[in-house]
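**Q**
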Amino acid sequence: MKTRCYDGKKWQYEFKHEGKRYRKKGFRTKREANSAGLDKLNELRSGFNIDNYITLAEYFENWIKTYKQPVVKENTYRHYRNALQHIQKHKIGKMELSR
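Just so you know, we're using my numbering here: the sequence shown kicks off at 20 and counts up by one.
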């Protein structure tokens with residue numbers, strides 16, 4: 020993965036994964052760009068992406084299991100689970116996401 024400076028003050032990451040190029044600009048520091056690029060690459064490698072017909076509640080549940088449970092304390096994870104329960108009960112949790 021490449022990180023580089025453009026416009027003298029902004030940073031971007033760029034890499035290829037399975038023949039497709041991924042690039043995102045606008046980071047304030049090289050570290051931010053590199054971290055975001057690694058997150059995106061890990062997301063692609065783990066196969067975690069939005070299906071065509073996934074609800075917000077399903078997406079949020081996958082997100083907290085994949086990205087939060089391994090790194091946050093148990094009490095914080097419990098707060099995420101409580102938020103998920105509220106989202107599941109609410110109308111917005113049943114809305115389908117699109118790519």
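In this text, a Cβ means the ideal position worked out from N, Cα and C, and glycines have one as well. Computed from a prediction, not measured in an experiment: that's the story for all the values here.
Quick check: the Cα distance between Tyr72 and Leu116, rounded to an integer number of angstroms?
**A** Each residue's alpha carbon lies about 7 Å from the other.
**Q** Would you list the residues sitting across from Trp30 in a DSSP beta bridge?
**A** Cys24 and Phe46
**Q** Do the region 25-34 and the region 44-52 touch if we need at least three Cβ pairs shorter than 8 Å?
**A** yes
**Q** With DSSP as the reference, label His36 as helix, strand or coil.
**A** Look at His36 here: in three-state DSSP terms it is strand.
**Q** When DSSP labels each residue in this structure, what does Tyr86 get in the three-state scheme?
**A** helix
**Q** Measuring CA to CA, which of His98, Leu63 and Lys43 is closest to Tyr25?
**A** Lys43
**Q** Please go through the same chain and pick out, in chain order, the residues whose beta-carbon is closer than 6 Å to the beta-carbon of Asn53, but skip the five residues on each side of it.
**A** Thr22
**Q** Tell me, which residues are paired with Thr74 by DSSP?
**A** Glu115, per the DSSP bridge assignment.
**Q** Give the straight-line distance between the Cα atoms of His109 and His36, rounded to the nearest whole angstrom.
**A** Rounded to the nearest angstrom, the two C-alpha atoms are 37 Å apart.
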